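Structure first, commentary second.
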Amino acid sequence: MGLRRLLAICWIICVYRLDTLIPTEHLPLRARILLRCGPWRLFSAGKYSRGERLRLGLEKLGPIFIKFGQILSTRRDLLADDVAMELAKLQDQVPPFGSEQAVSVIEAALGKPIDQLFTAFDRQPLASASIAQVHTATLEGNIDVVVKVVRPGIEHTIKADLTLLQTIAVLIARYIPDGRRLRPEEVVEDYRHTILDELDLQREGANTSQLRRNFNDSEVLYVPEVYWDYTRRNILVMERIHGIPVTDIDTLRKQGTDMKKLAERGVEIFFTQVFRDSFFHADMHPGNIFIAHNRPNSPQYIAIDCAIIGSLSDFDQYYLARNLLAIFQRNYREVAELHVECGWVPPETRVHEFEAAIRTVSEPIFEKPLSEISFGLLLLQLFQTARRFEMEVQPSLVLLQKTLLNIEGLGRQLYPQLDLWSTAMPFLERWVRDRYSPQSVLKKVSHRIPGWLEQLPNLPEALLERGGANKEQVSATIKAERQLQQDFAAMLKQQATRGRNQRIAIVAALSAALLSDPGIRTGLQSLPSMSIGLFAVALYFFIRSR
């Protein structure tokens, strides 16, 4: 299997002259001679561009390589724009496998004949993709469902292809001049996790249930129900939805859909998932999005296929929100400082040089009307600029960037005048304000107090092991967080009330500054553990006494 697959790859390299994608100027002499004398030299590159030839080659290699090309197209921080845009055209449409095979898989997984499981089962697939295909069915009680079935034997094929991809990645990293910066082994490893996770339909079902819970009774997003009694690792049964494909603009307009509200709600859904829930659907291409019927004045999205989900840590949420607000405000100095502060670029980066690079990219864009600015593309260009300063892009941020590009592109398709800036800015400002409000901070602190009290008896030993505070680290932390403390003070001045509520608000704000904020948490690692424990006890009894 491996040898046949390797020969197929070599043939595709020849036919589509993929060797021309390899920069040769810095290759070792032996590698240059091999490229110039290889059998692919007998073939013509033809009329296709390099991106088209790569896309066609991946299509010929089959569904696993198509899927890899799709995921690779999202890594615009690694690829040239023309190649990334061409790979984005890859269509994940493959011939269905036999209906009898599908029935056999379902019966083996659920342990009953198909007629006992469903009152009706359509043997003609509703849709077919590289990993699975979907059939419609009916449960008892006249409940319409869809049955997603993993392709038989696909896991073996995937693992064989992954082995070859890893080999190719090692060769690229070793012999291509820019190979190490492109991090091909890391890309393949990310793909391994993604593709193997997609084989586990119980994971997809769990993601779907979580997203449904997050938007329970929501007017803006509906997520179908999963029927767990009929779901296994290779079988997923969920509610069948009936909606208008989001790309069917004519039908949406015919029913009088408020297109402006529809586009703005798409942006609202994205930012709610990212900042409120830290759990966002990261595969929001048009095939996974529908619009509910008969709600033209209050349009509701319907989301399916939750196999790929992104999430952000509190640390990334905090710094991402501050970065976005700084970009909105054209505060390039703060953007540069935040990238250094949160470790996205090396600590020795010269902030003024990084700030100048960001300004060079951003200013020409900001000269346009806001409605003509693509925020997703601006974010992409900022990432590309940061790459010159050795920025290490986290997988979660890459998923976020990809999803934002999808959402903004879709929003502008629905409503070309969409101003993502004016839609997102109030949301971000409200999120930052609510996150650090006295009520929110007090809630966080109160949840942590029991844990601090439980650890209190062990603090003397921990204090002896860790030693005293590092004065330089503490000084740096205080300086870095001075602006945040000023923000807290201004907020308290506006919101604090007299008496008990004012005292609690002040303590809550101080607690956030010392214990909750990601930037301060780093500095706290150098503080004596006993002082933190005593502070927790004092805070607890202070609140209780009032």
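Under the UniProt record's numbering, read the sequence shown as residues 1 to 546, first letter to last. C-beta atoms are modelled at their ideal positions from N, C-alpha and C, and glycine is treated no differently. As the structure is a prediction and not an experimental result, all values here were calculated from the model.
- Message: With three or more beta-carbon pairs closer than 8 Å as the criterion, would you say the region 200-215 touches the region 235-248?
- Response: Here the region 200-215 makes contact with the region 235-248; the two share three or more CB pairs at distances below 8 Å.
Check your understanding: Which residues does DSSP pair with S128 in a beta bridge?
Key -> Translated into the one-based positions of the sequence shown, residue 128 becomes position 128. Answer is Q133, bridged to S128.
Requested in this report: Could you have a look at F354 and say whether DSSP puts it in helix, strand or coil?
Outcome: What you label residue 354 is simply residue 354 of the sequence shown in a count that begins at 1. Correct three-state label for F354: helix.
* Asked: Under three-state DSSP, which class holds H281?
  -> Counting from one through the sequence shown, the residue named residue 281 turns up at place 281. The DSSP-derived three-state label of H281 is strand.
query: Counting along the chain, where does the beta strand (DSSP E) carrying G243 start and finish?
result: Mapped onto the sequence shown, residue 243 falls at position 243. For G243, the enclosing beta strand (DSSP E) covers residues 243-245.
> Can you name, in chain order, every residue of its own chain whose Cβ lies under 7 Å from the Cβ of A263, other than the five neighbours on each side?
Replying inline: Against the sequence shown, residue 263 aligns to sequence position 263. Hits under 7 Å: G411, L414, Y415, L418.
May I have the straight-line CA-CA distance separating L7 from V15, to the nearest angstrom?
As a working mapping, residue 7 is identified with position 7 in the sequence shown. As a working mapping, residue 15 is identified with position 15 in the sequence shown. Looking at the backbone, the Cα of L7 and that of V15 are separated by about 12 Å.
Next item on the list: Determine the closest residue to H285 out of Y48, R53, A303, with distance taken between C-alpha atoms.
Entry: As a working note, residue 285 is residue 285 in the sequence shown. Of the candidates Y48, R53, A303, the one whose C-alpha sits nearest the C-alpha of H285 is A303.
- Task: Could you say if the region 358-368 and the region 326-341 meet the contact criterion of at least three C-beta pairs nearer than 8 Å?
- Result: The answer is yes - the region 326-341 touches the region 358-368, with three or more Cβ pairs under 8 Å.
Exercise. Less than 9 Å separating the beta-carbons of G266 and I407?
Worked result: Taking the sequence shown and counting its residues from 1, one reaches residue 266 at position 266. Taking the sequence shown and counting its residues from 1, one reaches residue 407 at position 407. Taking 9 Å as the cut-off, the Cβ atoms of G266 and I407 count as close.
Separation of P296 from I9, as counted between CA atoms:
For this step, residue 9 is matched to residue 9 along the sequence shown. For this step, residue 296 is matched to residue 296 along the sequence shown. Whole-angstrom Cα-Cα distance: 50 Å.
>> Here's the rule I'm using: 16 or more other beta-carbon atoms within 10 Å means buried, otherwise exposed. How should L260 be labelled?
In response: Residue numbering aside, residue 260 sits at position 260 when the sequence shown is read from its first letter. Per the sequence shown, the amino acid found at residue 260 is Lys instead of Leu. Exposed is the call here.
Practice task
Find the nearest neighbour of L165 within the set A102, I66, Q116, judged by alpha-carbon distance.
Solution key: Looking up residue 165 in the sequence shown gives position 165. Looking at the Cα atoms, I66 is the closest of the given residues.
Just checking my contact of E268 with V340 at CB under 8 Å: how many whole Å lie between their CB atoms? On the sequence shown, position 268 is the one that residue 268 refers to. On the sequence shown, position 340 is the one that residue 340 refers to. The Cβ separation is near 31 Å, so there is no contact.
Give me the residue from S130, A120, Y319, V149 with the minimum Cα distance to E140.
The residue labelled residue 140 in the question sits at position 140 within the sequence shown. Checked all of S130, A120, Y319, V149; the closest Cα to E140 is A120.
- Within its chain, find whatever has a CB closer than 6 Å to the CB of C342; leave out the 5 residues flanking it on each side and keep chain order. Within the sequence shown, residue 342 is the residue found at index 342, counting from 1. Within the same chain, C342 has close Cβ partners Y319.
Item checked: DSSP-derived helix/strand/coil call for E155 -> Mapped onto the sequence shown, residue 155 falls at position 155. Per DSSP, reduced to three states, the secondary structure at E155 is helical.
Using a Cβ-Cβ cutoff of less than 7 Å, which residues in the same chain neighbour R4 once the five nearest sequence positions on both sides are dropped?
Position 4 of the sequence shown, counting from 1, holds the residue named residue 4. The beta carbon of R4 is closer than 7 Å to none in its chain, skipping five residues each way along the sequence.
**Report entry** Straight-line Cα distance separating L420 from T247
**Finding:** Residue 247 sits at position 247 when you count from the first residue of the sequence shown. Residue 420 sits at position 420 when you count from the first residue of the sequence shown. Taking the straight line joining both Cα atoms gives about 19 Å.
Secondary structure, beta strand (DSSP E): runs of 3+ residues fully inside the region 243-323
If we require 3 residues or more, the beta strand (DSSP E) runs fully inside the region 243-323 come out as 243-245, 289-292, 301-303.
Any C-beta of chain C sitting closer than 9 Å to the C-beta of E189?
-> The structure shown contains no chain C; it holds only a single protein chain.
Measure the Cβ-Cβ separation of E86 and L117 and say whether it is below 9 Å. Within the sequence shown, the letter at position 86 stands for residue 86. Within the sequence shown, the letter at position 117 stands for residue 117. Not in contact: E86 and L117 (Cβ atoms no closer than 9 Å).
task: Would you kindly check if the distance between the Cβ of G310 and the Cβ of L400 is under 9 Å?
output: Locating residue 400 in the sequence shown gives position 400, where the first residue counts as 1. Locating residue 310 in the sequence shown gives position 310, where the first residue counts as 1. In this structure, the beta-carbon distance from L400 to G310 falls below 9 Å.
Subject >> Whole-angstrom distance between S218 and residue 573, CA atom to CA atom >> reply: Because the chain here runs from 1 to 546, residue 573 falls outside it and cannot be looked at.
- prompt: How many Å lie between E239 and L211 at the Cα?
  reply: Within the sequence shown, numbered from 1, the residue matching residue 239 stands at position 239. Within the sequence shown, numbered from 1, the residue matching residue 211 stands at position 211. Each residue's alpha carbon lies about 14 Å from the other.
Q) If you run the structure through DSSP and keep just helix, strand and coil, what is K148? A) Indexing the sequence shown from 1 puts residue 148 at position 148. Per DSSP, reduced to three states, the secondary structure at K148 is strand.
Exercise for the section: Could you name the residues that DSSP lists as bridge partners for M238? Expected result: On the sequence shown, residue 238 is found 238 positions in, with the first residue counted as 1. Looking at the DSSP assignment, M238 forms a beta bridge with V146, V226.
For this session: Return yes when the C-beta of L420 is under 8 Å from any heavy atom of the ligand FMN, and no when it is not.
Result: Inclusion of the ligand FMN in the displayed structure is not the case, the ligand content being empty and no account of it being possible.
Checklist entry - Exposed or buried, what is R253 when buried is set at 16 or more other beta-carbons lying within 10 Å of its beta-carbon? => result On the sequence shown, residue 253 is found 253 positions in, with the first residue counted as 1. By the neighbour-count rule (16 or more Cβ atoms within 10 Å), R253 is not buried but exposed.
Residue from Y230, R435, A292 whose Cα sits closest to the Cα of P245: Taking the first residue of the sequence shown as position 1, residue 245 is located at position 245. Per the Cα distances, A292.
In three-state DSSP terms, what is L404?
Locating residue 404 in the sequence shown gives position 404, where the first residue counts as 1. The three-state secondary structure of L404, taken from DSSP, is helix.
**OP:** Identify, in the order they occur along the chain, each residue of the same chain with its Cβ nearer than 6 Å to the Cβ of G51, setting aside the five sequence neighbours on each side.
**Re:** Against the sequence shown, residue 51 aligns to sequence position 51. The answer, listed in chain order, is D82, V83, E86.
*Sub-9 Å separation of V274 and Q329 beta-carbons*: Sequence index remark: in the sequence shown, residue 274 carries index 274 (1-based). Sequence index remark: in the sequence shown, residue 329 carries index 329 (1-based). Their beta carbons are not under 9 Å apart, which means V274 does not touch Q329 by this criterion.
**Study point:** First through last residue of the alpha helix (DSSP H) which encompasses D434
**Key:** Start at 1 with the first residue of the sequence shown, and residue 434 comes out as number 434. Per DSSP, D434 belongs to the alpha helix (DSSP H) from 420-435.
Beta-carbon proximity of H282 to K402, cut-off 9 Å: Indexing the sequence shown from 1 puts residue 282 at position 282. Indexing the sequence shown from 1 puts residue 402 at position 402. First, the amino acid is wrong: residue 282 is Ala here, not His. In this structure, A282 sits near K402, with a CB-CB distance shorter than 9 Å.
- Message: Just verifying my parser: in three-state terms, what is the DSSP assignment at F215?
- Response: For the purposes of this step, residue 215 is taken as the residue at position 215 of the sequence shown. When secondary structure is reduced to three states using DSSP, F215 falls in the coil class, being assigned neither helix nor strand.
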